[in-house]
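Order-wise, the sequence lines are chains A and B.
Per our numbering, the first sequence starts with residue 1, numbered consecutively.
Per our numbering, the second sequence starts with residue 1, numbered consecutively.
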Amino acid sequence: EDQVTQSPEALRLQEGESSSLNCSYTVSGLRGLFWYRQDPGKGPEFLFTLYSAGEEKEKERLKATLTKKESFLHITAPKPEDSATYLCAVQGVDSNYQLIWGAGTKLIIKP
Amino acid sequence: DAGITQSPRHKVTETGTPVTLRCHQTENHRYMYWYRQDPGHGLRLIHYSYGVKDTDKGEVSDGYSVSRSKTEDFLLTLESATSSQTSVYFCAISAASGSYEQYFGPGTRLTVT
């Protein structure tokens, strides 16, 4: 069964303190792994798609990496405005374009 | 931002009444999805559509129906609302080819009393 597990559930950091969020997945054949950011009261906002092990994508202070079993979202020198819930999802080759979602990591950056 | 709107944005209704939520897109994307999001459960797929008049069930489809008569509109109907359907509902769209990511609307907060 396809499954996505995110850890930790919540992460509190000081401004400037770098860290990583984890997304572990099992899928019969990976078509893509997706990272989203969700602010309170809003819909998820697309960040990255990763397709194959070894791939990396960057956007401002965020960098996403992918292995055959997990993905990391690295946050470098975060700012308070990076506070949000970060969601991970995978799409398998047999999924008919459906995504399997993780429960998310709530990130809080204290000034 | 992807052109996705949802209406209404907030709704309070009574148990047993029918409710219809609307999702409208201006991107001409083939795929459209309805999710609900609840604390402790994350995003759960209710129904999705892969073209006009082509729909299929997701993991939590009981008590919900959908219709898609035009590419740009996807309707979610609760035939007889129950308190367990109190939730935030999100519509999403994706293209049929390319990078497959989904883009989300702003959400509808539904309260069933």
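Yeah, the Cβ is synthetic: ideal placement off N, Cα and C, and Gly gets one too.
### Query
Unbroken beta strand (DSSP E) runs of length 3 or more, entirely within the segment 52-99 of chain B: which are they?
54-57, 64-70, 73-78 and 87-94
### Query
Using 7 Å as the limit for Cβ to Cβ distance, is Phe104 of chain B near chain A?
yes
### Task
Measure from the C-beta of Glu171 of chain B to each C-beta in chain A and report whether the shortest distance is under 7 Å.
As displayed, chain B neither begins before 1 nor continues past 113, which places residue 171 of chain B out of reach and without an answer.
### Query
Taking Cβ-Cβ distances below 7 Å as the criterion, which residues of the segment 23-54 of chain A are in contact with chain B?
Arg31, Gly32, Phe34, Lys42, Gly43, Pro44, Phe46 and Thr49
### Query
Can you list, in chain order, the residues of its chain whose CB lies under 8 Å from that of Ser83 of chain B, leaving out five sequence neighbours each side?
Thr15, Val112 and Thr113
### Buried or exposed (CB count within 10 angstroms, at least 16 for buried), Ser28 of chain A
exposed
### Task
Compile a chain-ordered list of the residues in the segment 84-97 of chain B whose CB is closer than 7 Å to at least one CB of chain A.
Taking 7 Å as the cut-off between beta carbons, the residues of the segment 84-97 of chain B near chain A are Phe90 and Ser94, in sequence order.
### Message
Considering Cα atoms alone, identify which of B:His47, B:Ala95, B:Asn28 and B:His29 is closest to Arg36 of chain B.
### Response
B:His47
### For Lys63 of chain A and Leu21 of chain B, the rounded distance between their alpha carbons
36 Å
### Task
Would you please verify whether the beta carbon of Tyr97 of chain A is less than 7 Å from any beta carbon of chain B?
yes
### Query
Quick one, which of A:Ile75, A:Cys88, A:Ser83 and A:Tyr97 has its alpha-carbon nearest Glu17 of chain A's?
A:Ile75
### Task
From the DSSP output, in three-state form, read off Glu81 of chain A for me.
helix
### chain B residues whose Cβ lies nearer than 8 Å to that of Gln3 of chain A
Per Cβ cutoff of 8 Å: no residues; Gln3 of chain A is ~12 Å from chain B at best.
### Query
Gln91 of chain A touches chain B at which residues, Cβ-Cβ below 7 Å?
From the beta-carbon of Gln91 of chain A, the residues of chain B found nearer than 7 Å are Tyr100.
#### Entry: 7 Å Cβ shell around Phe14 of chain A - same chain, five flanking residues per side excluded
The question names Phe, but residue 14 of chain A is Gln in the sequence shown. Closer than 7 Å at Cβ, skipping near neighbours: Lys110.
### Query
Do the segment 69-88 of chain A and the segment 98-107 of chain A touch if we need at least three Cβ pairs shorter than 8 Å?
A contact exists between the segment 69-88 of chain A and the segment 98-107 of chain A.
### Task
Less than 8 Å between the CB atoms is what I'm expecting for Leu45 of chain B and Tyr33 of chain B, so what's the real figure, rounded?
6 Å
### Query
So is Tyr64 of chain B in contact with chain A if we call contact Cβ pairs under 7 Å?
no
### Task
Can you check DSSP and say which residues form a bridge with Val112 of chain B?
B:Thr13
### Task
Would you kindly report the start and end of the unbroken beta strand (DSSP E) that includes Arg31 of chain A?
Segment Leu30 to Gln38, the beta strand (DSSP E) holding Arg31 of chain A.
### Message
Just to confirm, is the Cβ distance from Gln91 of chain A to Gly41 of chain A under 7 Å?
### Response
no
#### Entry: CA-to-CA distance, Thr65 of chain A to Phe104 of chain B, given in whole angstroms
23 Å
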